[in-house]
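So the sequences go chain by chain: U and G.
Residue 333 in this note's numbering sits at position 333 of the first sequence; the count goes up by one each step and never skips.
Residue 233 in this note's numbering sits at position 233 of the second sequence; the count goes up by one each step and never skips.
Beta carbons are placed, not taken as given, at the ideal position from N, Cα and C, and that holds for glycine.
2 protein chains.
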Amino acid sequence: MKIGIIGGGQLGRMLALAGTPLGQQFAFLDPAADACAAALGDHLCAEYDDREQLRRLAESADVVTFEFESVPAETVAFLAQYVPVYPDAESLRIARDRWFEKSMFRDLGIPTPEFANVLSQQDLDEAVRQIGLPAVMKTRTLGYDGKGQKVLRKPQDVVGAFAELGSVPCILEGFVPFTGEVSLIAVRSRTGDTRFYPLVHNTHEDGILRLSVASSDHPLQTQAENYAERVLDKLDYVGVLAFEFFEVDSGLKANEIAPRVHNSGHWTIEGAGCSQFENHLRAITGLPLGATGKIGESAMVNFIGEVPAMARLTAIADCHPHHYGKAFKPGRKVGHATLRSADPARLRAGIAAVQALID
Amino acid sequence: MKIGIIGGGQLGRMLALAGTPLGQQFAFLDPAADACAAALGDHLCAEYDDREQLRRLAESADVVTFEFESVPAETVAFLAQYVPVYPDAESLRIARDRWFEKSMFRDLGIPTPEFANVLSQQDLDEAVRQIGLPAVMKTRTLGYDGKGQKVLRKPQDVVGAFAELGSVPCILEGFVPFTGEVSLIAVRSRTGDTRFYPLVHNTHEDGILRLSVASSDHPLQTQAENYAERVLDKLDYVGVLAFEFFEVDSGLKANEIAPRVHNSGHWTIEGAGCSQFENHLRAITGLPLGATGKIGESAMVNFIGEVPAMARLTAIADCHPHHYGKAFKPGRKVGHATLRSADPARLRAGIAAVQALID
């Protein structure tokens with residue numbers, strides 16, 4: 001069984017690490033010559049719209065999946081002529097566009113911040129009148145890790161903001177006074193079987209995820225699963241889907257979905273019965289899903305810019321380093337550590353020990 | 001950090017799967033064009049005495065290790081001129097020769113079956129007079145999985161037996177009426193730090209390991225660790241060493257050591273804090289050792305000849321399939337399943353479910 005993956009970064013790399021023991025082989029299409037997943041399979045070094053190489057990938061693979069959601073729609077449609085593609089074109093169309101995504105939440109009765117479509121400065125002025133300030137303006141597509149966003153606090157922030165974000169389609173979102181950010185990693189099989197990992201508490205800095213802690217018996221678990229299930233069923237989704245929520249006094253408000261394995265699910269490599277990576281592969285290849293329950297207490301600390309010295313990381317009890325084999329660069333996700341501990345106190349000590357190596 | 005591995009089979013493959021998240025890269029020297037580890041690193045397709053390729057490996061690697069112990073002594077000596085090699089030449093010299101190995105056990109006061117060196121049929125006749133029948137005759141080197149062995153039960157079995165095993169140096173071992181077979185996976189760091197996994201109960205069929213079950217509070221754990229520590233310290237050993245014992249009424253008798261990661265330690269991939277593969281890599285690269293304690297209850301079922309259908313394996317709760325990506329062939333180790341369960345009853349059910357797919 002050969003899996004084609006669009007993108008050859010750390011998510012592709014971790015998918016291959018999970019799938020190799022299942023006897024799967026991997027091919028990655030990625031324009032970067034130094035794509036870090038290439039160590040674990042064939043590397044087609046080509047642009048995402050290179051039809052010759054896409055066709056080569058499709059013809060060599062039994063199924064194709066994605067490492068990121070901002071794949072051109074044409075790429076997905078082209079591939080789907082030759083090979084099963086999961087998640088499918090419609091799931092990607094929705095998930096890569098904040099307007100489609102939030103509209104779907106609304107249609108499915110899932111609470112979400114107030115939002116409006118912004119195709120011009122005039123739209124923006126009108127949206128600000130309706131939603132009020134503060135608000136967050138985001139490009140509809142291609143945003144990640146806080147990029148493609150602008151917080152509008154005062155009326156003068158609104159002036160020229162549309163041009164400032166590149167005069168591309170945007171949405172304006174009402175500011176949500178959230179008390180926390182959580183994500184739910186869900187997986188749905190080809191036959192509609194659906195499983196959920198425990199909710200994860202996430203801490204961001206400068207828009208980049210820094211820390212994820214898997215919860216135990218989170219009071220909003222059922223609500224999160226209910227919302228995610230509506231989306232999964234609506235899209236007839238196959239694979240892992242990550243659902244990010246704001247925690248507010250009244251419960252959860254949907255922020256966004258990612259139609260792929262997700263940074264906030266990396267703890268599952270050591271911390272769950274079956275990791276998000278293996279479960280994604282099981283789902284798209286038609287295998288039964290694996291266990292999503294926690295093993296002990298788990299957390300994940302991201303390494304941004306550089307990975308601390310391996311000798312220091314491996315000296316920390318319960319610490320499992322994950323070095324992505326990428327060149328170090330400020331602001332770049334280059335690795336993470338999973339901590340899996342017998343109890344919460346020990347987990348907290350492990351997190352603190354890893355964080356002490358970062359600052 | 002680049003690791004050179006002599007041999008590119010499943011042990012090399014699982015070493016690479018464990019080391020890739022540590023940011024390590026791998027190169028394998030193996031004469032087989034279809035070496036299954038090649039998916040995870042560079043493959044130097046060459047004989048083990050090909051000095052040009054050995055030198056290439058040594059020059060590209062920061063450290064070199066072995067997947068099997070029957071490496072020619074000249075290969076080890078040649079490599080050691082260029083690069084640190086662990087385990088070292090002396091450890092391999094002892095471990096690959098049953099006569100040296102058992103002599104070391106005797107010198108270190110470690111109980112072992114009676115044994116005698118057999119360099120001729122005359123030696124064999126004399127050894128049989130001393131040790132008695134039944135006894136087991138084994139080639140001193142190159143035996144594995146029951147190959148290179150002959151059980152001598154009756155006097156007529158002894159006639160011509162030396163020629164039958166190829167007229168190569170052998171030992172004769174007294175038959176041990178053992179009640180069980182256990183192995184201890186030990187790891188020793190460059191600085192002499194030593195850790196042990198829990199004793200594993202092993203079941204063989206036709207000389208090939210079929211089932212390993214990790215024990216809990218085994219009454220002979222301390223004795224096994226004591227014996228293993230004598231060997232590790234004597235050899236100033238670096239890396240994982242597997243120690244196989246017979247369980248007899250009076251305790252343990254040493255059967256053999258393997259200076260490498262070992263089939264009876266595969267359960268540690270999911271079943272221990274840090275797997276034997278990661279700990280071997282930590283040891284030889286000078287990193288601190290990882291936790292060797294069990295997570296839940298664990299066992300390993302070997303797949304000989306073929307791997308059951310992945311759809312059936314993944315349908316079994318707690319089952320983690322490991323497909324080596326090798327061509328199926330009768331008698332060949334082509335995969336295993338690790339079972340990691342919350343309690344012994346569930347573990348037994350999992351083992352039975354996996355075994356039901358084999359017969």
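With distances taken between CA atoms, N279/G lies nearest to A315/U out of G265/U, R260/U, A315/U.
Inter-segment contact for the region 259-270 of chain U and the region 298-306 of chain U is present: three or more beta-carbon pairs are separated by less than 8 angstroms.
With fewer than 16 other CB atoms across the displayed protein chains lying within 10 angstroms of its CB, E59/U is exposed. The alpha carbon of L152/G has as its nearest neighbour, out of V128/G, P288/G, I304/G, V187/G, the alpha carbon of V128/G. A residue is called buried when at least 16 other Cβ atoms come within 10 angstroms of its Cβ; P113/G meets this threshold and is buried. If you check the CB distance, V238/U and I284/U come in under 9 angstroms. Residue environment for T222/U: exposed (fewer than 16 other C-beta atoms within 10 angstroms of its C-beta). The residue among S341/G, I304/G, Q53/G, V136/G with its C-alpha nearest the C-alpha of A327/G is I304/G.
Take the alpha-carbon of C170/U and the one of R13/U: they are about 32 angstroms apart.
Proximity of R13/G to chain U, defined by a Cβ-Cβ separation below 9 angstroms, is satisfied. Contact annotation, G9/U with E67/U: C-beta distance approximately 6 angstroms; criterion of less than 8 angstroms satisfied. Just so you know, the alpha carbons of P111/G and F100/G end up roughly 15 angstroms apart. Taking a beta-carbon distance threshold of 9 angstroms, V240/G does not count as an interface residue toward chain U.
DSSP places K253/U within a strand segment (E or B) once states are collapsed to three.
Interface annotation for the region 319-331 of chain U against chain G: P321, H322, H323, G325, criterion Cβ-Cβ distance under 7 angstroms. Rounded to whole angstroms, R140/U and P177/U show a C-alpha spacing of 22 angstroms.
Distance from Y86/G to T65/G at the Cβ level is roughly 6 angstroms; contact confirmed, criterion being Cβ atoms closer than 8 angstroms. With a cutoff of 9 angstroms on beta-carbon distance, M310/U and G23/G are scored as near each other. For A311/G, the neighbours in chain U by C-beta distance under 8 angstroms run, in chain order, G286, L287, P288. Not one beta carbon of chain G lies nearer than 9 angstroms to the beta carbon of R195/U. Residue pairing from DSSP places E244/U in a beta bridge opposite S183/U, E256/U. L289/U and S189/U have their C-alpha atoms roughly 7 angstroms apart.
Short of 7 angstroms from the beta carbon of K253/U, and not among the five residues preceding or following it, lie these beta carbons of its own chain, in chain order: P111, T112, P113, V176, F245, F246. Taking A35/G as the centre and dropping the five residues before and after it, the same chain places the C-beta of G8, G9, F28, H43 closer than 7 angstroms to its C-beta, in chain order. Under the 10 Å beta carbon count, E205/G is surrounded by fewer than 16 other beta carbons and is classified as exposed. Contact residues of the region 23-38 of chain U toward chain G are G23, Q24, Q25, F26 (C-beta to C-beta distance below 9 angstroms). The beta carbon of Q130/G is closer than 7 angstroms to those of A116 in its chain, skipping five residues each way along the sequence.
Residues of chain G with a Cβ closer than 8 angstroms to the Cβ of R282/U are, in chain order, T314. Taking CB atoms only, L17/G has a neighbour in chain U less than 9 angstroms away. Counting only Cβ-Cβ distances below 8 angstroms, L40/G has contacts in chain U at T20, A39, L40, in chain order.
The straight-line gap separating the alpha-carbon atoms of I358/U and N263/U is approximately 18 angstroms. Contacts with chain G (Cβ-Cβ distance below 8 angstroms) from the region 241-261 of chain U involve no residue at all.
Residues of the region 290-307 of chain U with a Cβ closer than 9 angstroms to any Cβ of chain G, in chain order: G290, A291, I295, G296, V307. Of the residues assessed, V168/U falls on the exposed side of the cut-off, its CB having fewer than 16 other CB atoms within 10 angstroms.
E229/U is the residue among E229/U, I3/U, P31/U whose C-alpha sits nearest the C-alpha of D193/U. Residue environment for E52/U: exposed (fewer than 16 other C-beta atoms within 10 angstroms of its C-beta).
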